[in-house]
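**Q** Each residue of the sequence shown is one higher than the one before, counting from 2 in this note's numbering.
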Amino acid sequence: MASGTALLPTFQYIKVCFRKAAICSSFLRASRMTSRLRSTAVTYGGVVPTTNEDQPDAHCLNVQAEAFAMGKRVYLEAYGCQMNFSDASVVRSILQKVGYVETEEMTEADAILLMTCAIRQSAEDKIWKRVEQIRSVMNKRARNRRFTLGILGCMANKRNLKSNEDGMLPAGVDLFAGPDAYRDLPRLLAVCSSGQKSANIILSCDETYADIRPVRKDGSAFAYISIMRGCNNMCTYCIVPFTRGRERSRPFTSIEDEFCQLRDEGVKEVTLLGQNVNSYCDTSSTSASSNYSSSDRLSAGFSSICKAPSMGIRFADLLDRLSLLAPNMRIRFTSPHPKDFPDEVLEVMKERANICKCIHLPAQSGSNKVLERMNRGYTVEAYLNLVDRIRSMIPDVTLTSDFISGFCGETEEDHQETLRLIRTVQYVYCYTFMYSMRQRTRAHYRLVDDVPTEVKKRRSKEVHEEFRQAALLLNSRLIGSRQIVLVEKESKRSCDHWMGRTDGNTKVILPKTFMCNHSSCSKSIHVGDYVLVQVTDASSETLKGEPVEIYQNT
């Protein structure tokens, strides 16, 4: 094929099975459904690219895509989890590098990109409604002004290609780019400029965007660092392994560089992100790594369907090293799996004052029968033993969790067992969800979504009410205590107050100014300040307090 003198290849859907070399063997064995994974590729001149020789010259295409991008305006919206907001920063960096300029005004944009979530049907419905709104607004512009509307992230990879018999993208959408295809966005956008549609939803086995420095939208005192991507756990209800691919960890040196830059920029709190963040293991360099067994890696009483590396820089090593690089910077992490909390992780959290003593410990259910159907790899008894172990090592820890109500086959007895687990553990916060069947998951193929919607709603409400009772009790115990609060943003209910968070991630409302001790002068508090606060009131979700002192350091 000619070396690509034409800028724009024609678009066509091609269903591509992952090559054997591209899929981790343990992931294949675990899922039993990997053969169902499909990707979409863009063809060049109607020819399916099978080798590098078949494809147009990549450098030529990139140069032309950059020339097209210069000065074009892009509008970006992000929805869903923190990983999506982190990915938006990666996309921002990629597009700015080739010449795109971000705009805050959607109607001025040449391209509108939505970073999406597919974890539940309600999240998808929200995006399709937003697509309709955008089309309605943009169609009122001058008719000769073309724009591109793109779906990025999990919704792009989640789409079942069989559902579109004509092989086209859904109406109103010009571009699909999956979580591993953001580098290809300049070319995909150039394709769309001629009125064609484009997509790249091929999953990668090694993409971590480690060499891309995210461009954050504001100079916030808070930042995210993505340390790994994908997930190997294959919980039966979860679409993530199919939308984000198999698990892979970002090289430690890349994480370290970004962390140090944020420290030097004055960032006060960093959250380490990953679909299964505490299974992090960087095997790219063995010079500073150590050997370990599965018993060293897993929480006691937990199992894993995947064979993990026996060597590498693990999550505990990562926490240890980063905490020493910036002793005055708070470090959080999300979202972990309960199976990956060996003692070494808890020891580091206990020893390092700047690692926040808040652990998200997703239980999902309090019923062993349901946990088995979910393929979670643990029992309620093992989970409670882990909770006891955590609290014995970190007495002041706060715990949060996730719960799914109405999973396939869940009985009223199963639901009551979940409520008992919540009463036993006493979480400070829980994220509660009604089960939403996702295509391509194991539950979709093997189980029946047999719990009525009204029952799901009622059970989810009861789970929410149960955890709030415990949270109110826990927060009320803090009245009269002094807490170090990192100021985050203005309170939603009062322009005279700030909202900040304790080490345990509890929200605190405090005034923007306070009177100095033994004087008549007042001090102003700013976003990013560490403030010692006397707690005066509490609800199930929020504390209120009076400032006592502003700290220069933690």
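The beta carbon of each residue, even a glycine, is placed where N, CA and C say it ideally should be.
Assign VAL75 to one of three DSSP states: helix, strand, or coil.
**A** Correct three-state label for VAL75: strand.
**Q** Relative to the C-alpha of MET330, which candidate in LEU487, GLY505 and GLN276 has its C-alpha closest?
**A** Of LEU487, GLY505 and GLN276, the residue nearest in Cα terms is LEU487.
**Q** So, ALA119 versus THR244, is the Cβ gap smaller than 7 Å?
**A** Taking 7 Å as the Cβ cut-off, ALA119 and THR244 qualify as a contacting pair.
**Q** Run the CB neighbour count on MET156, radius 10 Å, all protein chains shown included, and call it buried at 16 or more, exposed below.
**A** Buried.
**Q** Using the three-state DSSP reduction, which class does GLN535 fall into: helix, strand or coil?
**A** Of the three classes helix, strand and coil, the one that applies to GLN535 here is strand, per DSSP.
**Q** With a cut-off of 8 Å on the beta carbons, I'd call THR442 and TYR238 a contact; round off their distance for me.
**A** Right, the Cβ-Cβ distance comes to about 6 Å (below 8 Å), so this counts as a contact.
**Q** Between the region 424-431 and the region 463-478, do three or more beta carbon pairs fall short of 8 Å?
**A** Result yes; three or more Cβ-Cβ pairs closer than 8 Å.
**Q** State buried or exposed for SER482, treating a residue as buried only when at least 16 other CB atoms are found within 10 Å of its CB.
**A** Classification for SER482: exposed.
**Q** I need the DSSP call for ILE551, collapsed to helix, strand or coil.
**A** Strand, per DSSP.
**Q** Over what stretch of residues does the beta strand (DSSP E) that includes THR401 continue unbroken?
**A** Run containing THR401: 399-406, per the beta strand (DSSP E) assignment.
**Q** Buried or exposed: HIS527, going by 16 or more other Cβ atoms within 10 Å of its Cβ?
**A** Exposed: under 16 other Cβ atoms inside 10 Å.
**Q** Look at the alpha carbon of GLU106 and the alpha carbon of GLU491, and state the distance between them as a whole number of angstroms.
**A** Approximately 23 Å between the Cα atoms of the pair.
**Q** Once you ignore the five residues that flank ASN165 on each side, which residues in its own chain have a CB closer than 6 Å to its CB?
**A** Caution applies to ASN165, whose pLDDT of 47 falls short of 50 and renders its modelled position unreliable; the model cannot decide the point.
**Q** Could you check what DSSP says for MET1 in three-state terms: helix, strand or coil?
**A** Since the first residue of the chain shown is 2 and the last is 555, residue 1 is not available in this structure.
**Q** Got a sec: is the Cβ-Cβ distance from ARG502 to anything in chain C below 7 Å?
**A** Going by chain labels, chain C is absent from the structure shown, which holds only one protein chain.
**Q** What residue range does the alpha helix (DSSP H) around MET350 cover?
**A** Its alpha helix (DSSP H) spans residues 344-352.
**Q** May I have the straight-line CA-CA distance separating VAL532 from ILE202, to the nearest angstrom?
**A** If I take the Cα positions, the gap works out to 46 Å.
**Q** Rounding to the nearest angstrom, what Cα-Cα distance links LEU319 and LEU273 in this structure?
**A** Using only the alpha carbons, I get a separation of about 10 Å.
**Q** Could you tell me the distance, in whole angstroms, from the CA atom of SER285 to the CA atom of GLU109?
**A** The alpha-carbon atoms of SER285 and GLU109 are separated by roughly 43 Å.
**Q** Give me the Cα-Cα distance between ASN279 and ASP389, rounded to the nearest whole angstrom.
**A** For ASN279 and ASP389, the distance between alpha carbons rounds to 19 Å.
**Q** By a C-beta neighbour count over all protein chains shown, 10 Å radius and 16 as the cutoff for buried, is GLN122 buried or exposed?
**A** Exposed: under 16 other Cβ atoms inside 10 Å.
**Q** Just to confirm, is the Cβ distance from ALA66 to ARG188 under 7 Å?
**A** Cβ atoms of ALA66 and ARG188: closer than 7 Å.
**Q** Please report how far the alpha carbon of ILE360 lies from the alpha carbon of VAL371, in whole angstroms.
**A** For ILE360 and VAL371, the distance between alpha carbons rounds to 23 Å.
**Q** Count Cβ pairs between the region 363-377 and the region 406-420 that sit closer than 8 Å; are there 3 or more?
**A** Yes, the region 363-377 is in contact with the region 406-420.
**Q** So, is LEU325 buried or exposed, given that buried needs 16 or more other C-beta atoms within 10 angstroms?
**A** By the neighbour-count rule (16 or more Cβ atoms within 10 Å), LEU325 is not buried but exposed.
**Q** Could you check where the beta strand (DSSP E) with ALA224 kicks off and where it finishes?
**A** It spans 223-227 - the beta strand (DSSP E) in which ALA224 sits, taken as one unbroken run.
**Q** Note down, in chain order, each residue of its chain lying with its Cβ closer than 6 Å to the Cβ of GLN134, except the 5 sequence neighbours on either side.
**A** Cβ neighbours of GLN134 beyond the five flanking positions: none.
**Q** Do VAL216 and ARG93 have their C-beta atoms closer together than 7 Å?
**A** Yes. Within cutoff.
**Q** Considering only the alpha carbon of each residue, which of ALA327, ASN233 and ASP415 lies closest to ASP341?
**A** Checking every option, the nearest Cα to that of ASP341 belongs to ASN233.
**Q** Residues in the same chain with beta-carbon distance under 6 Å from PHE28, minus the five sequence neighbours each way, listed in chain order, please.
**A** Bear in mind that a pLDDT of 40 at PHE28, under 50, signals an unreliable position, so the model cannot answer this.
**Q** Taking the continuous beta strand (DSSP E) assigned at GLU461, which residues delimit it?
**A** Note on residue identity: the sequence assigns Ser, not Glu, to residue 461. First-last for SER461: 454-477, but that is the alpha helix (DSSP H), not the beta strand (DSSP E).
**Q** From this set, CYS522, GLU489, GLU542 and TYR379, which residue's C-alpha is nearest LEU474's C-alpha?
**A** It is GLU542.
**Q** State buried or exposed for CYS522, treating a residue as buried only when at least 16 other CB atoms are found within 10 Å of its CB.
**A** Label assigned to CYS522: exposed.
**Q** Output yes or no for whether 7 Å exceeds the beta carbon distance between THR537 and GLU550.
**A** Not a contact, by the Cβ cut-off of 7 Å.
**Q** Is CYS236 buried or exposed, if buried means 16 or more other CB atoms sit within 10 Å of its CB?
**A** Buried, since its Cβ has 16 or more Cβ neighbours within 10 Å.
**Q** State the beta-bridge partners of TYR430 as determined by DSSP.
**A** According to DSSP, TYR430 bridges with THR401.
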